[in-house]
Structures are given as structure tokens and as C-alpha cells.
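S.K.: I have a structure I would like to understand better, so I am pasting it below and will then ask my questions one at a time.
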Amino acid sequence: MYYNPDSTAGGQYVTNLISHEDIKEASEKTDTPEAFFDYLGSIARQELADVGSDWFAGADIQFHKEPDLIDCTSETMQKLIAVAVPENVQTNIGNIPVEDYREIVANQHGFDSYDEMYNEGIRIGNGYDKEPEPIVPSWEKSKHKVKGYDLHPDIPMSERYTFDLKANEIETVGKKERFRRNIMAIQLLKKMSGGKPICDSR
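Position 60 of the sequence shown, counted from 1, bears residue number 110 in our numbering, the numbering being contiguous throughout.
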């Protein structure tokens, strides 16, 4: 969180919001404190509280509290990682991965999964909690663009023949004429293929 005096409103508090997952991701993708904090800054979600807005007073109180961690140092980076990425949990049955521990605790509380328990508002504490990924309806999921299939990659685009429907208006004809034209098209394809089948049953 920092104060930006140069905003159009005459000043604003800027809060960069990062999750434990963001910190874990930054620790995996960077190898220096500078790169670590730059990466976090690039993926953080920002909240702005302009001077005179409803949110400014609350942000001002938060800003003047004693911070837990300050400066972009190696020590701060290690503390963030230690809080965000508890890899194993010491239990009465030994060290187990934190993901397994979450599920065990959820089952002990009568839930089918940790996500279900978390969504009911029950927390484990000690830095072992992780907010479940939000459920995105299938119609809101980003659709992957299907790659096109090039039938003749060996022929340069400049040498290919294309038919522009806008420039070549297709006249409307009756059933008999459509049938006659289809027969002519089939005969032309047979002639071009030299009598060999153009496609097979596969």
C-alpha cells in the first residue's frame, strides 16, 4: 500500500492485493528479490481510494497502521514465501503435504472437500488456508480458438485461387438448373482427378 500524490483527484491510496497463490507463483517464476517484487507488482489487483471518496478515510487508517513487512528485501521475500507456501504440516502421523492436510481436516469436520468447508466459512488457520478457485460457468469460460487446417500448405497464398462472394454475385436458379450445375461440377472434379477418387470413405 502506498500514497500517490499525483492522481487527478489530488491524491490517492493505492493498495496492491496479492494472494498466497500469487506469492507462490512469483517464488516459482523468479530468482531474485527484485524480480520477485516486480512480478508481484505486475499481477497484483489494485484498489484505489481517491481523496474525498467514501473509501479514503478507511484507507487512511489502514495506511497509518504499523506494517507487518516493509521494503522489497530478500528477508521480506522469504517471510512472504514462508507464510504463503507452507509445504508440509507436522501432524501426529508425521509430515504430510498441506493439500492433504486440508482435505483431512475437512473430512474430520464432516465435509466432502476442503473447498466445501472453506465456502461454509470454516478456516484451519496457521497459514494453511487457501481460497478455492471460483467456479466459472461453462458459458463464461474463455473459448480456445481452433487452429485452422491448411489442406495445401505447400502452395503459397499468393498463388491460390479464391472466390470472392462479394465480388461475384451468385444468381438464384431453380431445382433443375442446380442439379445440372452439380452434375457439371462433379464431372469437372472427375476430369481434374484423372478418374481417381477425390476422397475415400475414411
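Heads up, the beta-carbon is just placed ideally off N, CA and C, and yes, glycines get one too.
The beta strand (DSSP E) that contains A99, what's its start and end?
M.R.: 95 to 100
S.K.: Could you tell me if Q237 is buried or exposed, where buried requires 16 or more neighbouring beta carbons within 10 angstroms of its beta carbon?
M.R.: Exposed: under 16 other Cβ atoms inside 10 Å.
S.K.: Between which two residues does the alpha helix (DSSP H) harbouring V155 extend?
M.R.: 148 to 158
S.K.: Which partner residues does T82 have in the DSSP bridge list?
M.R.: In the DSSP output, where bridge partners are listed per residue, T82 has none listed.
S.K.: To the nearest whole angstrom, what separates the beta carbons of S77 and I120, a pair I think is in contact under 8 Å?
M.R.: So it is not a contact: roughly 19 Å between Cβ atoms.
S.K.: Which word fits L90, buried or exposed, when buried means at least 16 other C-beta atoms lie within 10 angstroms of its C-beta?
M.R.: buried
S.K.: From the DSSP output, which residues share a beta bridge with T222?
M.R.: Under DSSP, T222 takes part in no beta bridge, so it has no partner.
S.K.: For T65, report the span of its beta strand (DSSP E) as first-last.
M.R.: 62 to 67
S.K.: Measuring only the C-alpha atoms, how far is V101 from G171?
M.R.: Looking at the two C-alpha atoms, the distance is approximately 34 Å.
S.K.: Going straight from the alpha carbon of A217 to that of R228, what length do you get?
M.R.: 21 Å
S.K.: Please classify G91: does DSSP put it in a helix, a strand, or coil?
M.R.: helix
S.K.: In the DSSP assignment, find the unbroken beta strand (DSSP E) run with T141 in it and report its ends.
M.R.: 138 to 141
S.K.: Closest to D72 by CA distance: which of I174, A107, V139, A94 is it?
M.R.: A94
S.K.: Is G244 helix, strand or coil by DSSP?
M.R.: coil
S.K.: On the criterion of 16 or more Cβ atoms from any shown chain inside 10 Å, does V133 qualify as buried, or is it exposed?
M.R.: exposed
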